[in-house]
Amino acid sequence: MEKVFAVVYAISVFWMMLGLYGIKKNEIKLSGINFISVAVFCFFCYQTALAGLLQMIGIEVSNKSLGIFNILVGCVLWYFIIKKECRQKYYFNKWDAVANAIMILAILILATRQFGKGLNIFNYQCTWDSSVHLSWAREAAKQHSLSGMYFNALNMGVWLECVYAFVPYATGCELYIITDLVTLILDAGLFWCLIRRYINDKSMYIMGIVCILAYVFGYPLNNMVFGTSYLGSGNLCVIFVVLLYDTFKVGKANKVILGLMLMLTVFSLIKSYVLFLPVILISIYIYIFVFLYEKGKITRNRLMAVAILSAVVAAGGYAVLNDYLWNAISGLALEGQIYRNLATNFVLFIPFILFVLVKKYRTFSGIMLIMTLCYIAVFMACVLNGKVSGYYYFKNYYILWFLSFYNAFIIVSENINRQSCVKFYIAGCSLLAVFSVSKVENKLGGYTDPWYGQVFGEVRVSSLFDIYNFNFDNMARETVDTGTRELFGEVAQMNSYVDETIFYVGIHDYAIHKVFYALANQPEINTDDVVSPEDYIRKIRETSKYVCVLEPEKDTWDITDYLSTLEVVYKNDKGYIAKVQ
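Residue numbers (the working numbering): 653 to 1233.
Laid out in structure tokens, this is it:
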């Protein structure tokens, strides 16, 4: 029956997506190409909320339950489309198709550089995060359990459950990579939806494509380089909130649908990366006050109503998320692996940020940018006082990157025909970028003098584009060598005929230990209770029939004498698999 449920789920997704695409959302025609990204993300948010509801009422979250509800909700959507004639009208623009094709092609080219031509090499710079989130997806697929931040685990895990119906011992690594690619493509697609209405001629169209690529190849691509999928999905939620505001601003969208999608997006943000939530909620509340003030609708009664509503929402949120929020806050001092650059990537945005502070502080994107800067300032103060780690501080730069690009593009589009200085600024930035990409300064930097050392100094133009240099230099760097991958891959293949957990003995450093459980498709065995080498051997014998050994002398406990007595069933230049006695 598992295969039947897998097929039914796949059909239900297609059925639901068609319903989301076809239902009327706006009085004006929408771009048929651009709305594909919106529909896909809306489905992810809907499924995240549905899973939370099912879990709350005690229904198992699986492809079976989700598939049934998808079909039912899809039928409701199609009832309104056909019976109530609530059909959305679209237009199709070839230039939107070209722009999206360019973005997708560029992303796929970079993906093959990181993951190989077959997109099957699990190559992430942060093997810890990527391995943990893959294990959460496996738990969602096998045990139907959802972790705290389950947005990615659910939306990947339900497909992984479908894969298990046909390939029971699949590792899921390829699906994890595909999920990252979909996230990056959605990031580009939603950003294009945001800036599209500011593009009205050929020069702005070209500038828009350049802007999209420059944006995506920065911090969004860095998510894929490190494997921090939760930051990618959290950033998608932030972008979509801004897109909902932009749609509201036009004034012809269905307000009920907008409100529903705002709630689903905020919930999805909580289940992606909750630390982005304060910026979103505070920005929304401030904008509501600004909007009412500009409309002349702020009265004492309305202020009281908003205050009461805010108190109720805050109390309800605290009651529901009390433990979850305190657990998240208590771990903010923990360090981790992340890209770190204090300011140079944002130097070129300083004129635009100042413009927002002076001229556009009442717009929603302007308010969000200001709130993000304030939020980062608070985090920096906490870092300096030892309350927050740099690991969590630099995560806020991912939404700052989006807001900087978005506000900069709006400012340029509104002023490019009136102020020639904007054109010269863009031309100057382009020349700096070309100078950095050409690597000319690297050659100049190598020119030394016996008396003065580096003649041209150490500060370089490339520091302004450090995020790009980091991504392109590191995405192809192997964190796990070929021999180790082959060894762990052999363990994964043994799952088809060894109905036991295969124990891991060897390197326990940051890069290798966790990735074993990802590549070898093994559940993690807790060894915290081990107090001696003899206890370690007992643990191996009790839990496993085979052991995978990788440089055993670097393990916490030295059991090399015991390992030398075991029968080796597979061996390569990095390690071996042995039968436990």
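C-beta atoms are modelled at their ideal positions from N, C-alpha and C, and glycine is treated no differently. Everything numeric in this text was worked out from a predicted model, so none of it was measured.
Suppose the cutoff is 6 angstroms on Cβ atoms and the five residues either side in sequence are ignored; what does the same chain contact list for residue i look like?
i            : result
residue 1109 : Low confidence applies here, because residue 1109 scores a pLDDT of 46, under 50, leaving its location unreliable; read the following figure in that light. So the list is empty, once near-sequence residues are dropped.
residue 1057 : 867
residue 884  : 835, 875
residue 799  : 788, 805
residue 873  : 1123
Are the CB atoms of residue i and residue j nearer to each other than 7 angstroms?
i            : j            : result
residue 1004 : residue 1060 : yes
residue 759  : residue 836  : yes
residue 729  : residue 671  : yes
residue 1199 : residue 1132 : no
residue 668  : residue 710  : no
residue 847  : residue 935  : no
residue 1153 : residue 1179 : no
residue 877  : residue 1048 : no
residue 1035 : residue 1050 : no
residue 895  : residue 825  : no
residue 1053 : residue 871  : yes
residue 931  : residue 1027 : yes
residue 797  : residue 719  : no
residue 812  : residue 793  : yes
residue 693  : residue 865  : no
residue 1055 : residue 1024 : yes
residue 1226 : residue 1136 : yes
residue 1183 : residue 1191 : no
residue 675  : residue 734  : no
Residues in the same chain with beta-carbon distance under 8 angstroms from residue i, minus the five sequence neighbours each way, listed in chain order, please.
i            : result
residue 1022 : 1008, 1009, 1013
residue 899  : 678, 905, 910
residue 684  : 742, 743, 744
residue 1104 : Because the pLDDT at residue 1104 is just 46, under 50, the model does not fix this residue reliably, and the value given afterwards should be weighed accordingly. No residues qualify anywhere along the chain.
residue 1230 : 1198, 1199, 1201, 1215, 1218, 1219, 1220, 1221
residue 1160 : 1206, 1207, 1208
residue 939  : 897, 1016, 1019
residue 950  : 941, 944
residue 691  : 669, 672, 673
Looking only at its own chain, which residues have a Cβ that is under 7 angstroms from the Cβ of residue i, when we skip the five neighbours before and after it?
i           : result
residue 904 : 678, 679, 680
residue 747 : 857
Can you tell me the Cβ-Cβ gap for residue i and residue j, rounded? I've got them flagged as a contact below 8 angstroms.
i           : j            : result
residue 916 : residue 842  : That pair is no contact at about 15 angstroms.
residue 807 : residue 696  : 5 angstroms
residue 658 : residue 814  : 4 angstroms
residue 775 : residue 766  : 6 angstroms
residue 717 : residue 706  : 6 angstroms
residue 962 : residue 937  : 7 angstroms
residue 649 : residue 1185 : Limits of the chain in this structure are 653 at one end and 1233 at the other, which puts residue 649 out of reach.
residue 928 : residue 886  : 5 angstroms
residue 984 : residue 1065 : Not really, about 38 angstroms apart at Cβ, beyond 8 angstroms.
residue 881 : residue 823  : Their Cβ separation, rounded to whole angstroms, is 16 angstroms, which puts residue 881 and residue 823 out of contact at 8 angstroms.
For chain C, is any of its Cβ atoms less than 7 angstroms away from the one on residue i?
i           : result
residue 758 : No chain C is part of this structure, which consists of one protein chain only.
Would you call the stretch 1023 to 1034 and the stretch 996 to 1003 in contact, with 3 or more CB pairs under 8 angstroms?
-> no
For the 8 angstroms Cβ check, are there 3 or more pairs between the stretch 1139 to 1151 and the stretch 748 to 760?
-> no
Quick check: the stretch 1170 to 1177 against the stretch 781 to 788, are there 3 or more CB pairs under 8 angstroms?
-> yes
Output the residue ranges of the alpha helix (DSSP H) runs that lie fully inside the stretch 972 to 1031 and measure 4 residues or longer, sorted by chain position.
-> 1002 to 1011
Spell out a yes or no on whether the stretch 919 to 927 and the stretch 699 to 719 are touching, meaning 3 or more CB-CB pairs, one atom from each, closer than 8 angstroms.
-> yes
Are there three or more Cβ pairs, one per stretch, closer than 8 angstroms when the stretch 855 to 869 is compared with the stretch 1191 to 1206?
-> no
Complete runs of the alpha helix (DSSP H) confined to the stretch 664 to 752 [at least 4 residues] = 687 to 708, 715 to 734
Any contact of the stretch 989 to 996 with the stretch 1118 to 1130, i.e. 3+ C-beta pairs under 8 angstroms?
-> The stretch 989 to 996 is in contact with the stretch 1118 to 1130.
Entirely enclosed alpha helix (DSSP H) segments - the stretch 1111 to 1166, minimum 4 residues = 1118 to 1126, 1134 to 1146
Start-end ranges of the beta strand (DSSP E) lying completely within the stretch 1186 to 1213, minimum 3 residues = 1196 to 1202
Which runs of the alpha helix (DSSP H) spanning at least 4 residues fall entirely within the stretch 811 to 874, listed in chain order?
-> 825 to 847, 854 to 868
Within the stretch 894 to 938, note down every full alpha helix (DSSP H) run reaching 4 residues or more, in order along the chain.
-> 907 to 922
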